[in-house]
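At position 58 of the sequence shown the residue is numbered 57 (numbering that gives the first Met the number 0), and the sequence of numbers has no breaks. Every residue, glycine too, gets a C-beta built ideally from N, C-alpha and C.
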Amino acid sequence: MVNFHLKPTTCFLETMWTEESKVIYGFYDECKRRFSVRLWKVFTDCFNCLPVAAVIDEKILCMHGGLSPDMGSLDQIRAIERPVDVPDQGLLCDLLWADPDRDISGWGENDRGVSYTFGSDKVAEFLKKHDLHLICHAHQIVEDGYEFFADRQIVTIIFAPNYCGEFNNVGALMSLDASLLCSFQILTPSKARDGTTGIICSQ
């Protein structure tokens, strides 16, 4: 639900979910069962105030979704005032819900029924225009926890192994060294003796 961006003395949080998603994927039910609906509302208010994207060392752009045909400048992201409800279209919607697509060029319709898909040409064009090296995004399930696309110019990272209990994927965490070299830790599910599911982290 939240991406963490760490620097030696600073931790940045980035939101990933809309209020509707937090209900659909069980977060509401878990808060209600373990604590109270009031706690869920506190989380929702918090998420509505978090940034929707982050730039690491002016070279790596991170977001939950992807690129937008409405984005001409990174300053447009900085200008998004929070808290705000996520609209059905436009820049904020695309930052949360757009997806890269290997099979197209340019912009395409998204099978999810919201936002767009975009091809490798749009990734290369965007990175060159804004002098960036890499885009990191989530929002897609990849079997190995992470997957590069568009000549390693964008990487998809999914944190949750066995997503929603319906997919046979592992999860991953991406780390960056001082030179912005990427490395990954793989997260695999494990069952405790009481039947609950945890996560095992491996290099």
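Is it right to say residue i is buried, meaning 16 or more other beta carbons lie within 10 angstroms of its own, or is it exposed?
{"i": "V41", "result": "exposed"}
{"i": "D100", "result": "buried"}
{"i": "C61", "result": "buried"}
{"i": "C135", "result": "buried"}
Secondary structure at residue i, three-state DSSP: helix, strand or coil?
{"i": "F42", "result": "helix"}
{"i": "Q75", "result": "helix"}
{"i": "F158", "result": "coil"}
{"i": "A177", "result": "coil"}
{"i": "A123", "result": "helix"}
{"i": "H63", "result": "coil"}
{"i": "S20", "result": "Unreliable placement is indicated for S20, whose pLDDT of 49 sits below 50; the coordinate value is still reported in the next sentence. If DSSP states are grouped into helix, strand and coil, S20 belongs with the helices."}
How many Å lie between residue i and residue j at the Cα?
{"i": "D120", "j": "S104", "result": "6 Å"}
{"i": "C92", "j": "G25", "result": "22 Å"}
{"i": "P82", "j": "S35", "result": "23 Å"}
{"i": "T187", "j": "C30", "result": "24 Å"}
{"i": "N167", "j": "K128", "result": "37 Å"}
{"i": "G144", "j": "Q184", "result": "9 Å"}
{"i": "V208", "j": "S178", "result": "The chain is shown only over 0 to 202; residue 208 falls outside these bounds and no answer can be derived."}
{"i": "L126", "j": "S72", "result": "11 Å"}
For the ligand PLP, I want to know if residue i counts as a neighbour, meaning its beta carbon is within less than 7 Å of at least one of the ligand's heavy atoms.
{"i": "L179", "result": "Absence of the ligand PLP from the depicted structure is noted, as is the absence of any ligand whatsoever, leaving it without description."}
Going by beta carbon distance, what residues of the same chain come within less than 6 Å of residue i, once the five residues before and after it are set aside?
{"i": "W106", "result": "P68, Y115, F117"}
Please list, in chain order, all residues of the same chain as residue i whose beta carbon is under 8 Å from its beta carbon, the five residues on each side excluded.
{"i": "Q75", "result": "D69, L90"}
Contact between the segment 158-166 and the segment 136-147 (3+ Cβ pairs under 8 Å):
Yes, the segment 158-166 touches the segment 136-147.
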